[in-house]
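Residue numbers (this note's numbering), protein chains in the order written: chain A, 35 to 324; chain B, 105 to 461.
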């Protein structure tokens, strides 16, 4: 901050650290205004209260926190959200890993085409893609009709947890693939060749050479997908049919339908804490891998 | 001759100048007297119909007042806007659900509407004046049972038809915290012998538990009407006004009925925002919106029941509202209900939703 207030004549005296600080200043300001300030506001909101009619009371009290934390439903929500998000992250990893590995090994025009195909879904909004899944998964949709044609009674594929898992897994796959690819830098094909020459089976080569070398990419992809899964709201809202209780959809209901802003803010702060925990776990995992 | 020509030219110029001056004068006069009223109300179908039926005729009758419609998709989001603008309001009038306007009243966001600032208030039905709410009712709506006329040939007689095995996976109800789910709990609570919904709704919850296994979704999107029109669902619960419009636009595919257990009213209030920029023009608009002409036009356009007892509404439109079925309307005190809504929601979450899994 003070760097900006200094008169121009002292510009020469700014050392390398000063230059770094100066260059960091714009983004720090953007983050302060665009991220920090809203979070502080949210924190402040969680210490307000509402009257029974929904009217906001401008006080500082821990009443809302006490209610939220003592409600067993909150614990259900947290457990459910974390569990579902972890499961989706795992599925995304399993589904994306082979694609990323193949992409990493392909070259030239083919690689470009495949990359464009991977990135293309990101250019479409999650709402549109979720509606696409509704068309596929509904009781009169593609899969149900195909199963009926084969003489199988189709199970319920959406408006439940199954739908949320399918939809979110597909929607998060591009992020996972890109994160994996960015972490595959250390994977030199010569290592695999060496392993194979030294008599390792392809399976052993994969487990002992490829997986350890790609672990940082996996950690990054998992962190990204977990955070996106637990905070995603549109897809669960459209595909859960109101049967799955998740933190993000509950925050929406509290803020927009029930009008209890302090509760919504408190739940949002809990999500932020979960993000922090995920980040801490990631850092630890990375240290162990690297 | 030259003189004459000159004179002619001068005359023509004078006429032109005069006309221009006159036009300019009119324009500046209009600009000087014109005030703007910003109306915050529901987006979508409501905006489209309300603009045609009320806003445009109002502006025609009051050329000096311009009404800007600021669409918002829910009452709660409107309150959010008003809270954010409390120091410097950007809107003058807001149309929102009664329980939300109670919250707004308690936060001192509104100026009380009465006979003094809106004389048409005197002609409103008694139920249109809600104690401890600054605004007054501008539309009445009611819960109806919706059905797809291809899948269901005869109008269902009871709400409990939704528990019928034939409708497995074909029932759509906007579940709690939406007030449509809440309304259904109250109707079924009374039908099953419940006496005071403010104290105990266990009988209504038990009835919902019977319906729950048939539910396709508790969150029909974009609204409950679309899946019934397309046949993706066969029966459901929704609001009458939108159901009637969907009945017309779908060529009768979607039909609505009030079952024997009855229905409840949903109330939209019109509210004057305290210190809005429009000043007295806002009061003129509120008075017009409550007047017989606007009430008639909007009821005939979107089939909300009128709140003005003197609105001369056509029989055809009245038949599509709950006015004929007043004996079937269960009185609900939405303000008192708001206080127990969380507790009812808790039972819904613990008992009704699990029964639908």
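All C-beta atoms, glycine included, are put in the ideal place defined by N, C-alpha and C.
Cβ neighbours of residue i in the same chain (closer than 7 angstroms, five flanking residues each side left out)
i	result
residue 207/B	183
residue 218/B	225
residue 302/A	76, 285
residue 316/A	253, 257
residue 119/A	260, 263, 264
residue 161/A	268
residue 262/B	363, 364, 365
residue 171/B	141, 143, 159, 162, 163, 389
residue 91/A	82, 83, 84, 85
residue 266/A	202, 282
residue 131/B	Unreliable placement is indicated for residue 131/B, whose pLDDT of 47 sits below 50; no coordinate value is reported for it.
Boundaries of the alpha helix (DSSP H) in which residue i is found, first to last residue
i	result
residue 104/A	97-104
residue 321/B	Unbroken run through residue 321/B is the beta strand (DSSP E), 319-321; no alpha helix (DSSP H).
residue 306/A	295-323
residue 408/B	Careful: residue 408/B lies outside any alpha helix (DSSP H) and carries neither H nor E.
residue 176/A	176-183
residue 370/B	Residue 370/B -> not in any alpha helix (DSSP H); beta strand (DSSP E) instead, spanning 369-377.
residue 295/B	283-295
residue 286/A	281-286
residue 335/B	Looking at the DSSP string, residue 335/B is not in any alpha helix (DSSP H), and its letter there is neither H nor E.
Terminal residues of the beta strand (DSSP E) in which residue i lies
i	result
residue 165/A	Looking at the DSSP string, residue 165/A is not in any beta strand (DSSP E); the run it does join, the alpha helix (DSSP H), is 160-171.
residue 271/A	It is not in any beta strand (DSSP E) - residue 271/A instead sits in the alpha helix (DSSP H) that spans 268-273.
residue 251/B	240-252
residue 209/A	That residue, residue 209/A, is in no beta strand (DSSP E); its alpha helix (DSSP H) goes 195-217.
residue 200/B	197-201
residue 343/B	339-343
residue 169/B	169-176
residue 144/B	139-146
residue 66/A	Counting along the chain, residue 66/A falls outside any beta strand (DSSP E), and DSSP gives it neither H nor E.
residue 359/B	358-361
Minimum C-alpha distance to residue i - residue among the options
i	options	result
residue 298/A	115/A, 94/A, 283/A	283/A
residue 191/B	318/B, 213/B, 273/B	213/B
residue 326/B	149/B, 268/B, 235/B	149/B
residue 374/B	179/B, 163/B, 292/B, 299/B	179/B
residue 28/A	235/B, 279/B, 302/B	In the structure as shown, chain A starts at 35 and stops at 324, and residue 28/A therefore has no counterpart that could be examined.
residue 299/B	220/B, 434/B, 156/B	434/B
residue 295/B	307/B, 142/B, 382/B	307/B
residue 272/A	168/A, 240/A, 200/A	168/A
residue 372/B	256/B, 233/B, 432/B	233/B
residue 332/B	222/B, 256/B, 293/B	256/B
residue 290/A	57/A, 78/A, 71/A, 88/A	88/A
residue 248/B	139/B, 293/B, 216/B, 345/B	345/B
Neighbourhood of residue i by C-beta distance below 6 angstroms, restricted to the same chain and skipping five residues each side
i	result
residue 319/A	253
residue 339/B	251, 266, 271, 275
residue 449/B	280, 281
residue 175/B	147, 151
residue 157/B	401, 402, 405
residue 237/B	205, 206, 209
residue 203/B	438, 442
residue 446/B	none
residue 121/A	none
Cβ distance (whole Å) where residue i is taken to contact residue j below 8 angstroms
i	j	result
residue 356/B	residue 250/B	Wrong, their Cβ atoms sit about 13 angstroms apart, outside the cutoff.
residue 436/B	residue 290/B	6 angstroms
residue 126/A	residue 207/A	6 angstroms
residue 203/A	residue 129/A	6 angstroms
Own chain partners of residue i with C-beta closer than 8 angstroms, once the 5 adjacent residues on each side are dropped
i	result
residue 134/B	For residue 134/B, the predicted structure reports a pLDDT of 46, less than 50, and the residue's modelled location is therefore unreliable. A value from the coordinates is still provided. Taken in chain order, the residues that qualify are 167, 168.
residue 187/B	211, 213
residue 313/A	257
Any non-hydrogen atom of the ligand NAP within 7 angstroms of residue i CB
i	result
residue 215/B	Of the ligands one can find in the structure shown there are none, so the ligand NAP has no counterpart to examine.
- When the Cβ atoms of the segment 235-250 of chain B are set against those of the segment 405-412 of chain B, are three or more pairs found closer than 8 angstroms? yes
- Message: Pairs of beta-carbons, one from the segment 188-205 of chain B and one from the segment 382-401 of chain B, closer than 8 angstroms: are there three or more?
- Response: yes
- Cβ contact check for the segment 248-257 of chain A and the segment 79-86 of chain A: 3 or more pairs under 8 angstroms: no
- Message: Check whether the segment 417-436 of chain B and the segment 392-407 of chain B touch, using three or more Cβ-Cβ pairs below 8 angstroms as the test.
- Response: yes
- Sufficient close CB pairs (3 or more, under 8 angstroms) joining the segment 95-113 of chain A to the segment 267-282 of chain A: yes
- Contact between the segment 265-277 of chain B and the segment 375-385 of chain B (3+ Cβ pairs under 8 angstroms): no
- Query: Do the segment 220-235 of chain B and the segment 356-368 of chain B meet, that is, are 3 or more Cβ pairs less than 8 angstroms apart?
  - Reply: no
- Query: Taking three-plus beta-carbon pairs below 8 angstroms as touching, is the segment 313-320 of chain B in contact with the segment 448-457 of chain B?
  - Reply: yes
- Message: Under 8 angstroms: do the segment 210-222 of chain A and the segment 175-183 of chain A share three or more Cβ pairs, one atom per stretch?
- Response: no
- Message: Across the segment 90-109 of chain A and the segment 228-235 of chain A, are there enough close Cβ pairs to call them in contact, namely three or more that are closer than 8 angstroms?
- Response: no
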